[in-house]
Every structure is written in structure tokens, then in C-alpha cells.
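Taken in order, the sequence shown gives residues 68 to 446; the numbers are from this note's numbering. One structure is given here, and the rest of the page talks about it.
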Amino acid sequence: MASSIPQSFHEVVASLEIQAFIDLVNRLGSQPCPAPPWDSDRTYRVSPVGEGYPVIERLAGGTWEKAGLEPPPLTLAAARKLVGEFLVTRPLYSPLRLVASPVADRKFLLPPIIRRPCSDCREDTNWQAEERGGGWAAGFIAAAWKCLQCGGCKFAVWIDIEQVAEDDESVEPEPAEPLSKVAALAERVRKVKEAKEPPRAETYELTKVGQWEPWSIRPDAALEKELEATDRALYRKALMNMSQGYGLGALAYFRRVVENETGRLLDVVAELAKDEGDEGLLAELEKAKKGHNADERLRLAANATPASLKIGGVNPLKTIHSITSGGVHNGDEAACMGLATELRAAFEYVFRHVRDVTGQRAELRRVLTKRRAQSKPDV
Ligand SMILES: [Zn+2]
């Protein structure tokens, strides 16, 4: 496998100490290396260094410099944003690992405001932290947020936040033999010195261990009505897998649902195009529906997406197509969980958004027509 240059930054990093790879880079000289996702605009290469390991370099201001192998630490604001999304969208026991600027107390990683759907308000609202890190229950942080719109609904989580030690998960090993007095003193001096230079970044691992309201394994009621009976069952299986932290299983079930339901998905999108009176898009969507498999139908539809369906330039149909047409992801549970979460969000968004928009428009039309009728001159 190591007879060719790896395809991703992570693969190159993983190969740096493999002899066949070292030989290859030494033989071929510097090779282009894919840029990591956190620095995707820069040019990277992997260079031989005599008898040592090859190094990864990046082009900065016209010269090559040694590149970091890990993403730079997140700012506190960015970390909180990520944690907020994690708390809202992820099921229990699916961990989130992040590298952030160190915080004095782990509970500071919890965001003061989160955004999530409220069952009373029946829409996405802002929720304010009430008892952020308000207490420790069995070693976990208990935190709660309150819906700012209705003031009545609460969202509570019990969360485990571990600080992951630099050189792999474990804590500092105990010395095998008791230290001599001098050695013990030297060790203490070393520790004090270390403590004076605070680390630039810390790795934290967060796991939700409890949640109220519970993470539901039932799809949204409106969506459930749209799905075929078999797909409804598959959808529940996907959510069940998610709730137990099985990313691979969840992704597999969601992909099957999307494949089966592609026709309905395109019908829903066509409804929006029709409502907007866009004949051109409607014709293209009709063409997409005739594609000879789900993959082709989704690909064509992604190019005929009404602008109003896109969120901040992101096209949910493109997301759905790229996740369902991607290969199987090396059996990595965490990566699959991420993809399953994204796929579910994009799929549900399309249904919900179109229902909301067409519903609101119909309501507006009804009110306006009524008003026009009432304001006839003879009334
Ligand atoms: Zn509310």
C-alpha cells in the first residue's frame, strides 16, 4: 500500500514513520502533499530528510516551512460554537474531541447560548444557559438551557469533559522505582517549571452521558407521515443506531432511506420550484426524476436546486448526494457518525423547509385574497 504517495494529509502523517514510505520519499525527492482541511488554501509537500523521517512542509511567503501536523487550537468562541452544535445534534455516548486554547475550568467550554428546536414554540429558538456547570453529579457536569422565546422549555445535559494528555490518553506514568531524594527534587523542579509555561493548546474529549428531553429515536412526526412504511422503519433503525453511538450502522440505514426516498425528495423540491413559478427549474427537476438510479437523480437535482433552499450558499441536495455517493469510510465510527448527522440534517431540512415555505405562502395568499374580497367598493 505504501508504494505510492498517500491521498490525504492524514494518510501522509500516518505514513511518516513507515519504512516503505520513507524509502519512497528518499528515492523520489519532495512530493506534493494534500493540504489539511484547516489550511486548505496553502501548498504542502513532503520532503526527505536524510536518515530521519520525512517532514511535511508548507509554502509560506515564498519559502518552505515545517508544517504543524495537528489543527491549530480553536478559540474559546469557536470551541463553544462547536460544543453547542454537538450538544444539540449528537446522541449520547458519541464523543467529540477538540483542540482548544486551555480553559481554567472545563465547564467554560459550554456555550452561554445554544440554538435548537423548541417543542412549544415549534421552531428553532435561542436557549440561554441557566446553570452552566451548575453542579457536579457523579463526576459529570450538569448544565441546562432555557428557551428564550417561551421561557418555559428546558434542555438539560449531563456531560463528561476529559482533558486528554498530550502523549496519548494516559496520565503520566508512575516511576517504576521510587526516585532518590535528588531525583525527586529534580522532578518537582521540572514540574514547577512546566506549570509556569502554560500549554498553548489542550485536547478535550466531551461525551454526553444524559439528556433531557431524551434524544428521540422517532423521526419528526411530519417527516414520518411522508415516508413509506419500510423507510419509516429504516429511519428509526438509523436513529436507534445513532442513539447508541453506532455511526457505521446509522450511516448505512440513512443511506438506504435516502436512496429509496429520492423520488419523494425530488417531488418536494419540485413543489418549491412550482410555488416559486420557476418553469426552468421545474423542467430540470423533471429530467432529474428520470435519471436511471438514485445517484444520478440526486446529482442532476443538485444542479437544479431552487436558490431559496440553499443555506448560506450550502446546497443541501449536494450534501446529500456527496454523502450517499461516497465510499464506505474505513469503518471509522466517529467519522461515520459525523456523516450520518450531516445526512440526516440535510434530508430533514429539505422536507421541513419546503413544508414551512409553501405553508406560509399558502396562508399569506389566503389572507390577502380575503382582504381583497372584503375591500370591494360595495362593502
Ligand atoms: Zn420555546
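C-beta atoms are modelled at their ideal positions from N, C-alpha and C, and glycine is treated no differently. For clarity, every value in this text was computed on a predicted model and none was experimentally measured.
Counting only the same chain and skipping the five closest in sequence on each side, list residues whose C-beta sits under 8 Å from that of Arg299.
Walking along the sequence shown from the start, residue 299 turns up at place 232. Correct list, in chain order: Pro286 and Glu291.
For the stretch 281-321, which segments carrying the alpha helix (DSSP H) assignment without a break, of at least 4 residues, lie completely within its bounds, in sequence order?
Entirely contained in the stretch 281-321, the alpha helix (DSSP H) runs reaching 4 residues are, in chain order, 288-293 and 296-310.
When the Cβ atoms of the stretch 397-406 are set against those of the stretch 374-384, are three or more pairs found closer than 8 Å?
No: fewer than three Cβ pairs fall under 8 Å.
If you drop the 5 nearest sequence neighbours on each side, which residues of the same chain put their C-beta closer than 6 Å to that of Leu215?
To locate residue 215, count along the sequence shown from 1; it is residue 148. Cβ within range, chain order: Asn193 and Gln195.
So, under 8 Å CB-CB, Thr274 and Tyr416 are touching, yes? Tell me the CB distance rounded to an integer number of Å.
Taking the sequence shown and counting its residues from 1, the one referred to as residue 274 is at position 207. Taking the sequence shown and counting its residues from 1, the one referred to as residue 416 is at position 349. With a Cβ gap of about 26 Å, Thr274 and Tyr416 do not count as contacting.
Closer than 7 Å between the C-beta and any heavy atom of ligand 1: which residues qualify, listed along the chain?
In chain order, the qualifying residues are Cys185, Asp187, Cys188, Thr192, Cys214, Gln216, Cys217, Gly219 and Cys220.
Would Ile228 and Glu272 be called neighbours here (beta carbons separated by less than 9 Å)?
Position 161 of the sequence shown holds residue 228. Position 205 of the sequence shown holds residue 272. Yes, Cβ-Cβ distance for Ile228 and Glu272 is below 9 Å.
Report the three-state DSSP secondary structure of Leu410 (helix, strand or coil).
On the sequence shown, residue 410 is found 343 positions in, with the first residue counted as 1. Leu410: helix per DSSP, three-state reduction.
Is the Cβ-Cβ distance between Asp342 and Thr436 less than 9 Å?
For the purposes of this step, residue 342 is identified with residue 275 of the sequence shown, where counting begins at 1. For the purposes of this step, residue 436 is identified with residue 369 of the sequence shown, where counting begins at 1. Going by C-beta atoms, Asp342 is not nearer than 9 Å to Thr436.
Spell out whether any CB of chain B is found under 9 Å from the CB atom of Ser114.
Absent here is chain B; the protein component of the structure consists of one chain.
Buried or exposed, going by whether 16 or more other CB atoms sit within 10 Å of the CB of Cys217?
Start at 1 with the first residue of the sequence shown, and residue 217 comes out as number 150. With fewer than 16 other Cβ atoms within 10 Å, it is exposed.
Could you check if Glu328 is buried or exposed, using at least 16 other CB atoms within 10 Å of its CB as the buried criterion?
As a position in the sequence shown, residue 328 is number 261, starting the count at 1. Buried.
Are Ile180 and Gly219 touching if we call contact CB-CB under 9 Å?
As a first step, residue 180 is located in the sequence shown; it is residue number 113 there, counting from the start. As a first step, residue 219 is located in the sequence shown; it is residue number 152 there, counting from the start. Not a contact, by the Cβ cut-off of 9 Å.
With three or more C-beta pairs closer than 8 Å as the rule, is the stretch 95-106 touching the stretch 114-123?
Yes: at least three Cβ pairs fall under 8 Å.
What is the rounded straight-line gap between the Cα of Leu141 and the Cα of Glu293?
Indexing the sequence shown from 1 puts residue 141 at position 74. Indexing the sequence shown from 1 puts residue 293 at position 226. Cα to Cα, Leu141 sits roughly 40 Å from Glu293.
Going by the CB atoms, is the gap between Ser310 and Trp279 shorter than 9 Å?
Within the sequence shown, residue 279 is the residue found at index 212, counting from 1. Within the sequence shown, residue 310 is the residue found at index 243, counting from 1. Not in contact: Trp279 and Ser310 (Cβ atoms no closer than 9 Å).
CA-CA distance, Thr297 and Ala288?
As a working note, residue 297 is residue 230 in the sequence shown. As a working note, residue 288 is residue 221 in the sequence shown. Each residue's alpha carbon lies about 16 Å from the other.
On the CB-based measure, 16 or more other CB atoms within 10 Å of its CB, does Lys213 come out buried or exposed?
Walking along the sequence shown from the start, residue 213 turns up at place 146. Under this definition Lys213 is a buried residue.
Rounded to whole angstroms, what is the Cα-Cα separation between Trp391 and Tyr302?
Reading the sequence shown from its first residue, position 324 is the one you call residue 391. Reading the sequence shown from its first residue, position 235 is the one you call residue 302. In the sequence as displayed, the identity of residue 391 is Thr instead of Trp. Each residue's alpha carbon lies about 15 Å from the other.
Closest to Asp187 by C-alpha separation, out of Asp172, Leu177, Phe222 and Val170, would be which residue?
Sequence index remark: in the sequence shown, residue 187 carries index 120 (1-based). Looking at the Cα atoms, Phe222 is the closest of the given residues.
What number of angstroms, rounded off, separates the C-alpha of Ala87 from the C-alpha of Ser107?
As a working note, residue 87 is residue 20 in the sequence shown. As a working note, residue 107 is residue 40 in the sequence shown. Near 27 Å, if we compare the C-alpha coordinates of Ser107 and Ala87.
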